[in-house]
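Chemist:
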Amino acid sequence: MLSWIYSLLGSIWNVLSRKKKTTLLMLGLDNSGKSTLLCRLATGTMAQLAPSARPNSDSFEFENLTVTAYDIGARRVWSNYFSATDAVLFLVDGSDVTRFPEAAKELNGLLSAEELSGMPVAVLNNKVDVPGALGMLDFKEQMQIDRCCSGFRLVGRRPLEAFASSVKLGCGYQDAFRWIAANLRD
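For this note's numbering, add 153 to where a residue sits in the sequence shown, where the first one is 1.
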């Protein structure tokens with residue numbers, strides 16, 4: 154009788170502690186921190202990396218997620234990965250205000266892509282530790298998402314939210330991953 158109870162408790166624990174597998178696209182302009190973030194998440198180390206000439210992928214665990222992430226540097230191939238993803242993390246160098254119009258245009262293109270309809274999109278205002286980086290209100294306005302961030306999933310609206318981040322200091326991106334986990338489709 155006691156072994157049956159232990160077996161039942163073990164089965165319940167396995168179900169409750171099972172990590173959800175998800176595929177994530179890490180997109181953004183060059184020098185936004187995609188490769189550095191992927192390296193930090195996969196290895197736990199901080200590294201200055203050269204711009205990615207071709208897609209990189211790695212897997213890591215974050216709380217209740219097992220994530221396979223693709224760092225796609227070349228914008229022309231982003232759409233090749235849309236059908237195989239569960240969420241998008243769009244990184245922006247928040248200290249390079251001269252590139253905000255270009256970044257906003259690319260983000261708008263992603264948000265318009267039918268293949269990504271309804272998919273959670275988290276936008277990272279990265280490098281907030283760098284002098285001159287925009288605060289979140291100005292960032293959202295410059296990225297043209299100040300009126301469309303939905304927070305959590307709302308009926309008829311794409312899950313979209315923006316987060317302040319410093320990959321270098323190791324802060325902010327964790328909130329984006331928690332938000333993504335809460336907004337993944339079951």
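The beta-carbon is built from N, C-alpha and C at its ideal position, and this holds for glycine as well.
Cα separation between Leu337 and Ser319?
Modeler: Locating residue 337 in the sequence shown gives position 184, counting from the first residue. Locating residue 319 in the sequence shown gives position 166, counting from the first residue. Rounded to whole angstroms, Leu337 to Ser319 spans 24 Å at the Cα level.
Chemist: Is it buried or exposed for Glu255, if we count other Cβ within 10 angstroms and need 16 for buried?
Modeler: Taking the first residue of the sequence shown as position 1, residue 255 is located at position 102. The residue is exposed, with fewer than 16 neighbouring Cβ atoms inside 10 Å.
Chemist: From the DSSP output, read off the bridge partner residues of Leu242.
Modeler: Numbered from 1 along the sequence shown, position 89 holds the residue referred to as residue 242. Beta-bridge pairing links Leu242 to Met179 and Ala275.
Chemist: Based on the DSSP output, what are the partners of Ala222 in its beta bridges?
Modeler: Looking up residue 222 in the sequence shown gives position 69. Paired residues: Leu177 and Asp211.
Chemist: Is the beta carbon of Val281 sitting closer than 8 Å to the one on Phe243?
Modeler: Here the question's residue 281 lines up with position 128 in the sequence shown. Here the question's residue 243 lines up with position 90 in the sequence shown. No, they are not a contact pair.
Chemist: Just the C-alpha distance for Gln297 and Ser210, rounded to the nearest angstrom, thanks.
Modeler: Taking the first residue of the sequence shown as 1, we reach residue 297 at position 144. Taking the first residue of the sequence shown as 1, we reach residue 210 at position 57. C-alpha separation (whole angstroms): 29 Å.
Chemist: Just verifying my parser: in three-state terms, what is the DSSP assignment at Cys153?
Modeler: The question about residue 153 has no answer here: the residues shown for the chain are numbered 154 through 339.
Chemist: For Ala315, which beta-bridge partners are listed by DSSP?
Modeler: The residue you call residue 315 lines up with position 162 of the sequence shown. Looking at the DSSP assignment, Ala315 forms a beta bridge with Val276.
Chemist: Quick one: Cα of Asn279 to Cα of Gly325, how far?
Modeler: As a position in the sequence shown, residue 279 is number 126, starting the count at 1. As a position in the sequence shown, residue 325 is number 172, starting the count at 1. Going from the Cα of Asn279 to the Cα of Gly325 covers about 9 Å.
Chemist: Under 8 Å by Cβ, that's how I've got Ser232 and Ala266 pegged, so tell me the actual separation to the nearest angstrom.
Modeler: Within the sequence shown, the letter at position 79 stands for residue 232. Within the sequence shown, the letter at position 113 stands for residue 266. Correct: roughly 7 Å between the Cβ atoms.
Chemist: Within the continuous alpha helix (DSSP H) that includes Gly262, where are the two ends?
Modeler: Here residue 262 refers to the residue found at position 109 when the sequence shown is read from its first residue. It spans Phe253 to Ser265 - the alpha helix (DSSP H) in which Gly262 sits, taken as one unbroken run.
Chemist: Note the first and the last residue of the continuous alpha helix (DSSP H) segment covering Tyr326.
Modeler: Translated into positions along the sequence shown, residue 326 becomes position 173. Here the alpha helix (DSSP H) through Tyr326 covers Tyr326 to Asn336.
Chemist: To the nearest angstrom, report how far apart Val308 and Leu182 are at their CA atoms.
Modeler: Within the sequence shown, numbered from 1, the residue matching residue 308 stands at position 155. Within the sequence shown, numbered from 1, the residue matching residue 182 stands at position 29. Residue placement at Val308 is flagged as unreliable, the pLDDT there being 48, under the threshold of 50; the coordinate-derived value follows with that caveat. C-alpha separation (whole angstroms): 30 Å.
Chemist: Tell me, to the nearest whole angstrom, how far the beta carbon of Thr219 is from that of Lys174; I am working on the premise that it is less than 8 Å.
Modeler: Position 66 of the sequence shown, counting from 1, holds the residue named residue 219. Position 21 of the sequence shown, counting from 1, holds the residue named residue 174. Indeed they touch by this definition, with Cβ atoms about 5 Å apart.
Chemist: If you reduce the DSSP assignment to three classes, tell me which class Arg300 lands in.
Modeler: In the sequence shown, the residue the question calls residue 300 occupies position 147. Coil at Arg300, not helix or strand.
Chemist: Measure the alpha-carbon distance for Gly369 versus Ser270 and round it to whole angstroms.
Modeler: No information on residue 369 is available, as it lies outside the stretch 154 to 339 that the chain covers here.
Chemist: Which of helix, strand or coil does DSSP assign to Leu290?
Modeler: The sequence position of residue 290 within the sequence shown is 137, counting from 1. Reduced to three states, the DSSP call for Leu290 is helix.
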